[in-house]
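Residue numbers (the working numbering): 7 to 251. These notes are about the structure you will find just below.
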Amino acid sequence: MKAICFLLLFISFIVPAKTVLFVTSEFPLISEETSEQEHTGLGVDIVKLIATRLDLDYKIESYPLKRALSMMEHGEADAIIGPYRSNEREEYLDYAKLPFYIDALTFFTKENENQVWDGSYASIANLHIGLIRGWSYGDEFNAVESKLSVTRLNNAYSCLQMLILERIDLCATHQRQVNALAKHNSSLNKLVPLSPVIAVNHGYIAFAKGENMKAVKARFDEEFALLLQSGEVAKLQAKYDLTVM
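Here it is, written out as structure tokens:
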């Protein structure tokens with residue numbers, strides 16, 4: 007009987023032979039697709055390293071974030087690189103035990119605009135706010151969003167460009183995203199973040215809920231913990247000039 011129980015336990019931790027599909031989106035320094043359709047970034051490197059250690063057959067595909075999340079929700083993908091955690095997403099995502107990066111979400115405005123943001127959403131009730139479609143701004147923001155004047159844009163560049171053109175008063179994003187886009191558009195250097203931050207979000211690798219990915223997630227969590235302890239994650243963070251944990 008003990009032998010049978012051990013065998014069942016062993017089988018439950020066998021990584022499935024199928025190709026595991028990781029989806030992701032364009033997150034600067036976290037997950038990016040080059041012109042040669044190569045995937046790079048901290049999250050991608052972590053997936054590649056752990057997949058190699060697990061001898062896991064996998065592939066990575068990039069989509070707009072909203073599409074990637076929809077694929078996870080409807081069982082069209084097995085795992086996703088980089089999403090923030092939210093109550094809504096927890097209904098269909100099985101998050102890794104530990105995050106691998108942190109973002110401080112912030113309202114950006116133009117220099118010398120003197121926009122007032124004191125941490126109370128009442129202070130910006132009369133302002134037009136740009137949000138990025140598919141992003142989670144935290145449960146506190148979600149609770150008051152319906153009372154604010156917001157426009158959701160397809161990506162961070164569109165949001166920041168709308169701000170430059172004065173079609174919105176604030177754009178809610180993070181400094182890592184602004185820095186990446188400013189390399190190609192110097193006008194974005196004239197944007198400034200407002201204090202305090204909207205929320206501090208943790209980014210994860212998450213798996214589809216259900217039995218199919220349970221063993222993969224369990225092994226992934228184990229290997230990621232070992233990489234943290236060994237200092238390997240810190241080396242990868244340094245590679246991308248990220249100090250995020």
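Just so you know, even glycine gets a beta-carbon here, dropped at the ideal spot from N, CA and C. Keep in mind the model is a prediction, meaning the values are calculated, not measured.
The alpha carbon of GLU94 has as its nearest neighbour, out of LEU75, ILE87, ILE86, the alpha carbon of LEU75.
If the five residues before and after LEU71 are omitted, its C-beta is found closer than 6 Å to the C-beta atoms of SER31, GLY140, all from its own chain and listed in chain order. For GLY209, the enclosing beta strand (DSSP E) starts and ends at 205 to 214.
Taking a cut-off of 8 Å on C-beta distances, the segment 151 to 164 does not touch the segment 228 to 243, as fewer than three cross pairs fall below it. Here SER68 carries a strand assignment [DSSP, helix/strand/coil]. Cβ neighbours of ASP84 within its own chain (closer than 8 Å, five residues either side excluded): VAL26, LEU27, PHE28, PHE213, ALA214, ASN218, MET219, VAL222. Per DSSP, reduced to three states, the secondary structure at PHE230 is helical. The alpha carbon of ASP61 has as its nearest neighbour, out of LYS24, TYR143, ILE204, LEU169, the alpha carbon of LYS24.
For ARG95, the three-state secondary structure derived from DSSP is helix.
With contact defined as three or more Cβ pairs closer than 8 Å, the segment 159 to 175 and the segment 128 to 136 are in contact. The beta-carbon separation of LEU99 and ASN207, rounded to 14 Å, does not stay under the 8 Å limit for a contact.
Sequence-distant Cβ neighbours of TYR64 in its own chain, meaning closer than 8 Å and more than five residues away, are THR25, VAL26, LEU27, PHE28, VAL53, ALA57. Looking at PRO199, ALA178, GLN167, the one whose alpha-carbon comes closest to that of HIS190 is GLN167. Cβ contact annotation for GLN183 (same chain, cutoff 7 Å, sequence separation greater than five): PRO34, ALA162, in chain order. By the C-beta density criterion, VAL122 is exposed, having fewer than 16 other C-beta atoms within 10 angstroms. Between ALA178 and LEU137, the C-beta spacing is below 8 Å.
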